[in-house]
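Asker: Numbering-wise, the working numbering comes out as the position in the sequence shown, counting from 1, plus 1057. Here it is, the structure in full.
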Amino acid sequence: MNANLASPGAAGAADPVDPLQSLWMPFTPNRLFKAHPRLIESASGAYYTLADQRRVFDCLSALWCTPLGHAHPRIVRAVQEQVQRLDFSPSFQLGHKPAFELARRIAQLAGRPHDRVFFVNSGSEAVDTALKIAIAYHRMRGEASRTRIIGRERAYHGVGLGGTSVGGISPNRKMFAPLMLPGVDHLPHTYSPDDMRYSRGQPQWGAHLADELERLVGLHDASTIAAVIVEPMQGSTGVIVPPRGYLERLREISTKHGILLIFDEVITGFGRLGKPFASQYFGVQPDLTTFAKAVTNGVVPMGGVLARSGIYDTFMSGPEQAIEFFHGYTYSGHPLAVAAGHASLDAFIEERQIERAASLAPVLENAVHTLRGEPNVIDIRNIGLTAAIELEPCAGQPGLRARRVFERAIEEGLLVRFTGDSISLAPPFISTPDEILAMIEGLRRTLRALATG
Ligand SMILES: Cc1ncc(COP(=O)(O)O)c(C=O)c1O
């Protein structure tokens, strides 16, 4: 690596600064990484090539964002053509046609053709945008007292101040306590190993946990609550699958009390459960839906919010010449993201990739549950084309066991992701059944090697 990359002003001089030091890495133990850097050089299809030329299978579709595999020719071509035609177009007071068309296609794919789509650039921005829409919606309807948002323990809704506040992961929140939104409350999470260990798909136990929303309504009064936000399947904290009947019950209670239901589909959007959106998989319709990641197959950052048409119409009630929603980003509906979005949708639809994810789901389910009984495995759960393996933590060192698996799995040609002591799997939809079986066998060898090594 060129050391001069690191320090502006040091050109030509011997540069004492290791370029690895200049980058402050996100959600990474920086000192550990920089002592043992693990660099990726290139990617194609379902594989990365590391800097030492090892090829590794992408077990989590990058960060849940590349279900169509890397360097998909259709997306590469679309972005290359777009950058020559229109590289940027302001999104305030001006528009470019493909952005409008992409919004229509996404609403259709979600099975809600009348919904409106607001484009942003990430999942975090999508969440904060949805929260703003919810608060402003009630205010415009004359219910300005509805300011409270209900999140859920163990939730990950990105790193914006809204998303961090409604999120339920303590290390993400505690450093920033004074910045957390006032009035937020949380539902309990739904993971109870003793009641659902080794469930396949949705656990039978736990629908009653949705009644906690009724309790919070009793505590705070519905007139103070704007929205409840949940990930239909909690991805980032290790594939926490909603109990049967739970989301239906949340929908019932929120409708009863005039509370908006927000589904954060940043991970589940665009096919991870074998239907375009988790709302279709579970048959539960939210009022607002966030998406990001797979909308462009991760190629260009993009996110968005789908809003029920009635919510949009409420905003449209003021004078015609007035801006209705004082919110937006310079890069909302960026032409390159839109081009990548259209090409990704073409691939999802024409290559029947979501159907492919659905057909691979039982292959993953059957294979991953064969890891039951392997060393240190204490739970396995799955839904759609995703699964998690929970490991017995090393005494006094939470996260260490899973980190060791992550490191050893690279020797087996597997790039897995770990959170706490769980290993998450979400292979690309383009994987073959043999690749999924090989992934599980590689993990089995890893678990056994670590137990004896
Ligand atoms: C459910 C959910 N919401 C929001 C986010 C944040 O997305 P981003 O990292 O694009 O800001 C994530 C990221 O993993 C997520 O899983």
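Beta carbons are placed, not taken as given, at the ideal position from N, Cα and C, and that holds for glycine. All values reported here derive from a predicted model rather than from experimental measurement.
#1: Please report the Cβ distance between Val1287 and Arg1209, rounded to the nearest whole angstrom; I am assuming they are in contact, meaning their Cβ atoms lie under 8 angstroms.
#2: According to DSSP, which residues form a beta bridge with Gln1454?
#3: When you compare each of Ser1479, Gly1470, Leu1151 to Val1113 by their alpha carbons, which one comes out closest?
#4: From the DSSP output, which residues share a beta bridge with Leu1363?
#5: Can you tell me whether Asn1087 is buried or exposed, with buried defined as 16 or more other CB within 10 angstroms of its CB?
#6: Which runs of the alpha helix (DSSP H), 4 residues or longer, sit entirely within the region 1212-1279?
#7: Can you check the region 1087-1169 for any beta strand (DSSP E) of at least 3 residues that lies completely inside it and give the ranges in chain order?
#8: Which of the three DSSP states is assigned to Ala1191 in this structure?
#9: Where does Gly1219 land, buried or exposed, given buried means 16+ other C-beta within 10 angstroms?
#10: Just how far apart, CA to CA, sit Pro1432 and Leu1507?
#11: What did DSSP end up calling Leu1472 once you bin it into helix, strand or coil?
#12: Whole beta strand (DSSP E) runs in the region 1280-1305 with 3 or more residues, listed along the chain?
#13: Identify, in the order they occur along the chain, each residue of the same chain with its Cβ nearer than 7 angstroms to the Cβ of Tyr1386, setting aside the five sequence neighbours on each side.
#14: Where does Thr1387 sit, in a helix, a strand or coil, going by DSSP?
#15: Assuming contact is defined by CB atoms lying nearer than 8 angstroms, are Leu1393 and Ala1414 in contact in what I supplied?
#16: First and last residue of the beta strand (DSSP E) that includes Asn1439?
#17: Tell me, to the nearest whole angstrom, how far the beta carbon of His1399 is from that of Pro1083; I am working on the premise that it is less than 8 angstroms.
#18: Go ahead and label Arg1461 buried or exposed: buried means 16 or more other beta carbons lie within 10 angstroms of its beta carbon, across all protein chains shown.
#19: For Ser1118, is the beta carbon positioned less than 7 angstroms from some heavy atom of ligand 1?
#20: Would you give the residue range spanned by the alpha helix (DSSP H) that Arg1502 belongs to?
#21: Using CA coordinates, which residue listed in Glu1449, Phe1090, Asn1439 is at the minimum distance from Pro1484?
#22: By the three-class DSSP mapping on this structure, what secondary structure does Asp1478 have?
#23: Please work out which residues of its chain come closer than 6 angstroms, Cβ to Cβ, to Glu1215, disregarding the five sequence neighbours upstream and downstream, and give them in chain order.
#24: Following a CB-centred definition, is Ser1366 positioned closer than 7 angstroms to any heavy atom of ligand 1?
#25: Is the beta carbon of Tyr1213 within less than 7 angstroms of some heavy atom of ligand 3?
#26: What span of residues does the alpha helix (DSSP H) with Phe1320 cover, start to end?
Answerer: Let me spell this out:
#1: One-based indexing of the sequence shown puts residue 1287 at position 230. One-based indexing of the sequence shown puts residue 1209 at position 152. Right, their Cβ atoms sit about 5 angstroms apart.
#2: Within the sequence shown, residue 1454 is the residue found at index 397, counting from 1. Among the bridge pairs identified by DSSP, Gln1454 is matched with Cys1451.
#3: The residue you call residue 1113 lines up with position 56 of the sequence shown. Per the Cα distances, Gly1470.
#4: On the sequence shown, position 306 is the one that residue 1363 refers to. Among the bridge pairs identified by DSSP, Leu1363 is matched with Val1174, Thr1346.
#5: The residue you call residue 1087 lines up with position 30 of the sequence shown. Classification of Asn1087: exposed, given that the 10 Å Cβ count is below 16.
#6: Entirely contained in the region 1212-1279, the alpha helix (DSSP H) runs reaching 4 residues are, in chain order, 1218-1223, 1227-1231, 1250-1253, 1268-1277.
#7: Secondary structure in the region 1087-1169: the beta strand (DSSP E) runs of 3 residues or longer, each lying completely within the stretch, are 1097-1101, 1104-1107, 1112-1115 in chain order.
#8: The residue you call residue 1191 lines up with position 134 of the sequence shown. It is helical.
#9: By 1-based counting over the sequence shown, the position of residue 1219 is 162. Buried, by the Cβ-count rule.
#10: Counting from 1 along the sequence shown, the entry for residue 1432 is found at position 375. Counting from 1 along the sequence shown, the entry for residue 1507 is found at position 450. Spanning the two alpha carbons is a distance of roughly 8 angstroms.
#11: Numbered from its first residue, the sequence shown carries residue 1472 at position 415. Here Leu1472 sits in strand by DSSP.
#12: Here the runs fully enclosed are 1282-1287.
#13: The sequence position of residue 1386 within the sequence shown is 329, counting from 1. Within its own chain, the residues whose Cβ lies closer than 7 angstroms to the Cβ of Tyr1386, once the five positions on either side in sequence are excluded, are Val1177, Asn1178, Glu1182, listed in chain order.
#14: On the sequence shown, residue 1387 is found 330 positions in, with the first residue counted as 1. Coil.
#15: Within the sequence shown, the letter at position 336 stands for residue 1393. Within the sequence shown, the letter at position 357 stands for residue 1414. Contact annotation: Leu1393 and Ala1414 have beta-carbon atoms that are not nearer than 8 angstroms.
#16: For this step, residue 1439 is matched to residue 382 along the sequence shown. Start and end: 1434-1440.
#17: As a position in the sequence shown, residue 1399 is number 342, starting the count at 1. As a position in the sequence shown, residue 1083 is number 26, starting the count at 1. Rounded, the Cβ-Cβ distance is 29 angstroms, inconsistent with contact.
#18: As a first step, residue 1461 must be located in the sequence shown, where it is residue number 404. With 16 or more other Cβ atoms within 10 Å, it is buried.
#19: Here residue 1118 is taken as the residue at index 61 of the sequence shown, counted from 1. No, since every heavy atom of ligand 1 falls outside the 7 angstroms radius drawn around the Cβ of Ser1118.
#20: Position 445 of the sequence shown, counting from 1, holds the residue named residue 1502. Per DSSP, Arg1502 belongs to the alpha helix (DSSP H) from 1490-1509.
#21: What you label residue 1484 is simply residue 427 of the sequence shown in a count that begins at 1. Cα-wise, what sits closest to Pro1484 is Asn1439.
#22: Within the sequence shown, residue 1478 is the residue found at index 421, counting from 1. Asp1478: coil per DSSP, three-state reduction.
#23: Sequence index remark: in the sequence shown, residue 1215 carries index 158 (1-based). One point to set straight first is that residue 1215 is Gly, not Glu, in the sequence displayed. Non-local C-beta neighbours of Gly1215 in its own chain, meaning closer than 6 angstroms and more than five positions away in sequence, comprise Gly1180, Ser1181, Val1184, ordered along the chain.
#24: Taking the sequence shown and counting its residues from 1, the one referred to as residue 1366 is at position 309. At a cut-off of 7 angstroms, the beta-carbon of Ser1366 does not count as near ligand 1: no heavy atom of the ligand is closer than that.
#25: Ligand 3 is not part of this structure, which contains only ligand 1.
#26: Sequence index remark: in the sequence shown, residue 1320 carries index 263 (1-based). Taken as a continuous stretch (DSSP letters only), Phe1320 belongs to no alpha helix (DSSP H), being part of the beta strand (DSSP E) at 1317-1321.
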